[in-house]
Amino acid sequence: MNDLEIKELTDIFDKVKRNTILALRMKGLSLNEIVRRLGGTTKPVIKRIIDEVKKEEKL
């Protein structure tokens, strides 16, 4: 795999994670509960996506 293919796959997985988090929010789960279920904010990708969702919810 070349660098471009790896980046494209990474982007796809980020979108899937983001959509999963948004779907759980729509089900009524709090962001804290979602973070706990996904393994906590020790995972940089999850923390970044949660931070993005928090910013969007404030708008």
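Here the sequence shown stands for residues 1 to 59, where the numbers follow the UniProt record's numbering.
Every residue gets a Cβ at the ideal spot worked out from N, C-alpha and C, and that includes glycine.
7 Å CB neighbourhood of residue i in its chain, flanking five on each side removed
i: L24; result: I34
Euclidean distance between Cα positions of residue i and residue j
i: I12; j: E5; result: 11 Å
i: I49; j: K43; result: 10 Å
i: E8; j: V45; result: 15 Å
i: L22; j: N2; result: 31 Å
Residue i - DSSP class collapsed to helix/strand/coil
i: K58; result: helix
i: L22; result: helix
i: K27; result: coil
i: K15; result: helix
Neighbourhood of residue i by C-beta distance below 6 Å, restricted to the same chain and skipping five residues each side
i: K17; result: I49
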